[in-house]
Every structure is written in C-alpha cells, then in structure tokens.
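Count along the sequence shown starting at 1, add 1, and that's the number in the working numbering.
Beta carbons: idealized from backbone N, C-alpha and C, even for Gly.
Nothing here was measured: the structure is a model prediction, and the numbers come from that model.
Before any comments, here is the structure.
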Amino acid sequence: MHAPSLRPAPTPTTFTTAGPLSGRVRVPGDKSISHRALMLSALAVGRSTIDGLLEGEDVHATAGALRAMGATIVRSDDGRWTVDGVGVGGLLQPAIALDMGNSGTSTRLLMGLVASHPITATFTGDASLSKRPMGRVIDPLSAMGADITASPGGRLPLMVRGLNPAVPLDYRLPVASAQVKSAVLLAGLNTPGITRVIEPVPTRDHSERMLAGFGATVDVTMDADGTRTIAIHGPADLKPQHIDVPGDPSSAAFLVVAALIVPGSEVRIENVGINPTRAGLFGVLQAMGADLTFHDQRQVGGEPVADLVVRGSTLHGIEVPTETAPSMIDEYPVLFVAAALARGRTTLRGLEELRVKESDRIAVMATGLRAIGAVVEELPDGLIIDGRDGVPFPGLPAGSAPVRTHLDHRIAMSFAVAGLAATGPVTIDDTSPIATSFPTFPTLLATLGARSAPAP
Numbered sequence: 002m003h004a005p006s007l008r009p010a011p012t013p014t015t016f017t018t019a020g021p022l023s024g025r026v027r028v029p030g031d032k033s034i035s036h037r038a039l040m041l042s043a044l045a046v047g048r049s050t051i052d053g054l055l056e057g058e059d060v061h062a063t064a065g066a067l068r069a070m071g072a073t074i075v076r077s078d079d080g081r082w083t084v085d086g087v088g089v090g091g092l093l094q095p096a097i098a099l100d101m102g103n104s105g106t107s108t109r110l111l112m113g114l115v116a117s118h119p120i121t122a123t124f125t126g127d128a129s130l131s132k133r134p135m136g137r138v139i140d141p142l143s144a145m146g147a148d149i150t151a152s153p154g155g156r157l158p159l160m161v162r163g164l165n166p167a168v169p170l171d172y173r174l175p176v177a178s179a180q181v182k183s184a185v186l187l188a189g190l191n192t193p194g195i196t197r198v199i200e201p202v203p204t205r206d207h208s209e210r211m212l213a214g215f216g217a218t219v220d221v222t223m224d225a226d227g228t229r230t231i232a233i234h235g236p237a238d239l240k241p242q243h244i245d246v247p248g249d250p251s252s253a254a255f256l257v258v259a260a261l262i263v264p265g266s267e268v269r270i271e272n273v274g275i276n277p278t279r280a281g282l283f284g285v286l287q288a289m290g291a292d293l294t295f296h297d298q299r300q301v302g303g304e305p306v307a308d309l310v311v312r313g314s315t316l317h318g319i320e321v322p323t324e325t326a327p328s329m330i331d332e333y334p335v336l337f338v339a340a341a342l343a344r345g346r347t348t349l350r351g352l353e354e355l356r357v358k359e360s361d362r363i364a365v366m367a368t369g370l371r372a373i374g375a376v377v378e379e380l381p382d383g384l385i386i387d388g389r390d391g392v393p394f395p396g397l398p399a400g401s402a403p404v405r406t407h408l409d410h411r412i413a414m415s416f417a418v419a420g421l422a423a424t425g426p427v428t429i430d431d432t433s434p435i436a437t438s439f440p441t442f443p444t445l446l447a448t449l450g451a452r453s454a455p456a457p
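What follows is the structure, encoded as structure tokens:
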C-alpha cells in the first residue's frame, strides 16, 4: 500500500487583536454538505451544478477520488462546479490509490460508496489521518459484504473490495456518528432491498435530506424515546440537481466566538447554515449569555439559513448538556476557549468522540489552554474549565514553545481565536492545516480587525 501523503512545511504564527472586531463576512460553504453534494452528483445520471462549494483540501480530496472513479468534475471561473455523474452502480475501478489527505469524512463516506460497487480501492492519507481508527465504519460495511483489509488498529492505508450485490443491513449505531450513518446509507444506495440505520441519538441529517433531494427513497421515523430510524431503498436512481451550499456553521463558530470574547465587537456573518442537527453551539453560547441573534432566516436548497449578528459579550459558565454533543461535536475546541474566559465554571462531558478526531482534542486543548493561562481539569470524557471572568489570557510565557496543534485544523483556529483575547503572544506551531476546512480563515480574521504575524 502507498505511504501517507505529505504536508507542507509548518507555518508558525502569532495572533493578536488591535481592538474590537467589526464588519460583515461570509464563511466558506458547509464542509459536510460539500462532500455529500459531490458524491451524490457523481452518482446521478446527468449533469449537476454546485454553487458555494467549500474549496478546502478535504473537499478537493473527495473530488479527486470521484474523478478517479469515473466522474467528470470541473470548476468554472465563476466558482460554479459541474459534475457529470456515472450513475449508481457505475463507479469505475480507480487506477491509483485514493489520497484522502487529512479528511476523515472523505474516507469514511467514500468507503461506503465503494463497499457496494464491484471495484477495489486503496485509501491513503496524511500522518494525522493515518492515526485515526476506521473500525466503526469497517464493521457495518463488512457486514454488508465488503472485504476490507486495513493497517493495524483498523487504520489507513486500507483496501476496500466492494461486493455487488451487497447485503442490506439493519445497523444500530453503537456511538452517535453522522459519518458512520452516512457510510452505511451510501452503501445502501447500490444494495438491493432496504438498508436501515438506527441512531439512538440524532446526528447531523444532511445525508438524509440530500439523498431525498436527489430522488432516493428515504424513510425517517422517530420512536417515542427519540431513536431515529433512517431507511434507504436500493438500488436507487439519482437525478441530477443544482445545489447551493450554505455557509458552514462549524467555520462560522470560530468567528462567532472571536466576536464574543473581544469587548466592543460587532460582526455579521452572512448565509450560515442553521440546521438544528448542526447548530447546537449557538444555543449553548446563548445560554452562556452571548449576544447572538439570527437575522433573515430562510431556506436554501432544503437547508435552513440565516445571518448571524454577534456582539462582544460577558459570558458565564454553565453545565453543557451532554445531549447537545452530536449537534456541535466539531465546535467544542473553540467553545473551550470561550469557557476559559467566562465567569465561573463550565463543565463539558460526553465528549469521548473528541479523542479520536484529527487529534485527541480533549488532551490537546487542555494542554494548550493551560499554557496560555487557563485553569482546566481534564476528564476522561471532557473538561471542567474555571473561567477567567473576562480577564484576557496572559499568553505564552517568554521563551516557551508554541502551542502544538498536532496537524489539527480546529485546534489551530481555536488558539488563533484565543490569541485575540490575550495580553501576551499566542503562537501556534502551524497554521497550514487550516486549509483543510477553512482556507480563508486568516484573511477573514484580518478583515474584521485581527492581527497575525509569522513567528520567529
């Protein structure tokens, strides 16, 4: 199998602010929706168009893999993407290994697509992705008939030999995971019969919404206890669509927290997706006292969208409900930053999933926050943070090493935001991973009034 892909040279950077943040900005397209828009367009018969696609490295990894399996994907000069699909069942044998870079979403969802096609694909990734376990996807896809050979620990590089016809499955998620759910549903697209995923805790529902939008027969039911069952009827016949991708709430989260923790700030973030399965962070911040309001709420392509208006706020600590975790799992690192500046104690639990992301986000955030002056207690499933009552972080002590980001884009952006509310320097060891999900982040921060400089 192929070696992991290489990353660019590290770019250490120090972040500070010159005063209140202000302005109107628009964040890139939603990453989850962008991945799925490309995949389902590639499986439709005919030409689909996509506006607002996130043009980060993760989404480019998905596009590259789909091209290797027969789809024609082109970006025009005006930013519109055109996809000529091969149809469900029409994926071709890739001639090369599929390089997933740093994208766990690309890997897990594409494994689902390959699992029910009569092709074999090898998946590789960078050093960070190659540490992430894929067992939770390997197990259900193997039960559907795919033959999967992975590196030790269920990690990349790995090879998927699809089975056609695959075996329909009723699969109960052992842990809340939209990626696992989506992988099984995507495998079910080309599987005769009905494939069901049962999720005891609802997760982001972009796959169900978009599958139905492309013409698949998808039934969603909910029991009295909140358990959701998503059933997909296969093989499906997908029809080409035009997709307008809303702004990514996970990206908007960093600008929201930045505006909240810098006194006197007022920022409007336009066209942000507020799907309730994704928008948990906004409700938690409001419960902490955030001046955060939704304006011009509307529907775009079946997804709820709004402009967010955020003003500098005095936050207070709360006990964050564990049931909100699936709707904001990627936003916890920047929430930790907000909690570290709030009044009183914030308790965050039920976050075991964070330990198997691009990094162990619980441990890495705890270490970095302590380094810049926060009081943090690490728990097996979360953190207890005693806030600084609005007093800025002192920053890194003179002569200390930069905060380590462990090639994790959300860690890098979280500490960039923390630097805006610090009296001393907050230097992170590498900003290059930010390009995986939010390549315009440094530019947008600067537009709002933040400062950054290469670290010596």
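Beta-bridge partners of residue i, as assigned by DSSP
i	result
V268	G24 and V311
D52	D245
A45	L239
T17	R452
A122	V161
Y172	V198
T348	E320 and I385
L408	Paired residue(s): none; L408 is not in a bridge.
E58	E58 pairs with nothing; no bridge assigned.
D100	T125
I233	T196 and V219
Extent of the continuous alpha helix (DSSP H) to which residue i belongs
i	result
S152	First-last for S152: D148 to S152, but that is the beta strand (DSSP E), not the alpha helix (DSSP H).
V185	A179 to G189
L111	G105 to A116
T368	R362 to A372
V377	Element bounds for V377: not the alpha helix (DSSP H) but the beta strand (DSSP E), V376 to L380.
I262	P250 to I262
Q287	G281 to A288
D140	G136 to A144
Continuous beta strand (DSSP E) stretch holding residue i: start and end
i	result
T448	From DSSP, T448 is part of no beta strand (DSSP E) but of the alpha helix (DSSP H) over F442 to L449.
Q300	D292 to V301
V84	W82 to V87
T73	T73 to R76
M223	V219 to M223
I429	V427 to I429
Neighbourhood of residue i by C-beta distance below 6 Å, restricted to the same chain and skipping five residues each side
i	result
G113	A184, L187 and A188
S415	P334, V335 and V338
A4	With a pLDDT of 45 at A4, under the threshold of 50, the modelled position of that residue is not reliable, and no figure is offered here.
S42	S49, V84 and G86
R162	T121 and D148
E353	D382
M366	P334 and F337
A38	I51 and I244
A291	L261 and S314
G216	L239 and K240
T437	G57, E58, D59, N103 and H410
P166	P193
Own chain partners of residue i with C-beta closer than 8 Å, once the 5 adjacent residues on each side are dropped
i	result
P11	D430, D431 and S433
P21	V263, P264, G265, S266, E267, G313 and G450
R350	V321, T323, L380, D382 and G383
Beta-carbon spacing of residue i, residue j below 8 Å
i	j	result
S107	A45	no
S143	T192	no
G80	G47	no
I270	L309	yes
P403	A456	yes
G235	L190	yes
T63	M40	yes
M135	R173	no
V1	T18	No answer is possible for residue 1: the residues shown for the chain start at 2 and end at 457.
L170	T196	yes
V306	I275	yes
I435	H407	no
G396	G425	yes
G146	L164	yes
E332	S251	yes
R137	V168	no
Contacts around residue i, its chain only, beta-carbon distance under 7 Å, and the 5 residues preceding and following it disregarded
i	result
E278	A small fix is needed here, since residue 278 is Thr in this sequence, not Glu. Same-chain partners within the cutoff: P203, T204, R205, D206 and S328.
R76	W82
G513	Within the shown structure, residues of the chain are numbered from 2 to 457, placing residue 513 beyond reach of any answer.
E209	V219, V221 and I231
CB contact below 8 Å: residue i versus chain D
i	result
A237	Looking for chain D here will not work: only one protein chain is present.
Would you call the stretch 19-30 and the stretch 434-442 touching, i.e. three or more CB-CB distances under 8 Å?
-> Yes: at least three Cβ pairs fall under 8 Å.
Is the stretch 85-102 close to the stretch 117-127, with three or more CB pairs under 8 Å?
-> Touching, yes.
Is the stretch 297-309 in contact with the stretch 247-257, if contact means three or more CB pairs nearer than 8 Å?
-> The stretch 297-309 makes contact with the stretch 247-257, as at least three CB pairs between them are under 8 Å.
Report yes or no: do the stretch 52-72 and the stretch 199-206 share at least 3 C-beta pairs separated by less than 8 Å?
-> No, because fewer than three Cβ pairs between the stretch 52-72 and the stretch 199-206 fall closer than 8 Å, the two stretches do not touch.
Counting pairs of beta carbons, one from the stretch 382-396 and one from the stretch 339-358, are three or more of them closer than 8 Å?
-> Yes, the stretch 382-396 is in contact with the stretch 339-358.
Can you find at least 3 beta carbon pairs, one from the stretch 416-428 and one from the stretch 362-379, that sit closer than 8 Å?
-> Here the stretch 416-428 lies against the stretch 362-379, with 3 or more beta-carbon pairs under 8 Å apart.
Decide yes or no for the touch test of the stretch 213-223 against the stretch 162-177: beta carbon pairs closer than 8 Å, at least 3 of them.
-> Contact fails: fewer than three Cβ-Cβ distances are below 8 Å.
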